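Each remark here refers to the structure printed beneath this line.
In our numbering, the protein residues as written are 2 to 81.
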């Protein structure tokens, strides 16, 4: 399976109650869990982590992400 087609949790599916910061915090978790697939994901993870830590006293990245709907890594990155 190519990295583009690896399944990741779809943090964008259906949950419109999350704030932008909550979504970024969850994206940090997905990037962390997927980093072994592509080396550039580690950079994305570090950038998201830095952003969440600077902008939010409430969220401690990486945030827990409940298992649920999945999407491809490619789609996740496009949505991000």
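All residues carry an ideal CB built from backbone N, CA and C; glycine is no exception.
Predicted model, so just to flag it, every value in this text is computed and none were measured.
Counting only beta-carbon separations shorter than 7 Å, does residue i have a partner in chain D?
i          : result
residue 42 : Any reference to chain D falls outside this structure, which holds one protein chain only.
Just to confirm, is the Cβ distance from residue i to residue j under 7 Å?
i          : j          : result
residue 51 : residue 42 : no
residue 10 : residue 64 : no
residue 25 : residue 53 : yes
residue 73 : residue 6  : yes
Would you mind reading off the limits of the alpha helix (DSSP H) that contains residue i?
i          : result
residue 51 : 41-56
residue 26 : 21-35
Taking all protein chains shown into account, do 16 or more other C-beta atoms lie within 10 angstroms of the C-beta of residue i, making it buried, or fewer, making it exposed?
i          : result
residue 68 : exposed
residue 27 : buried
residue 59 : exposed
Closest to residue i by C-alpha separation, out of the options, would be which residue?
i          : options           : result
residue 66 : 6, 32, 5 and 4    : 32
residue 4  : 20, 27, 40 and 28 : 40
Which residue marks the beginning of the beta strand (DSSP E) containing residue i, and which one marks its end?
i          : result
residue 8  : 8-10
residue 73 : 71-73
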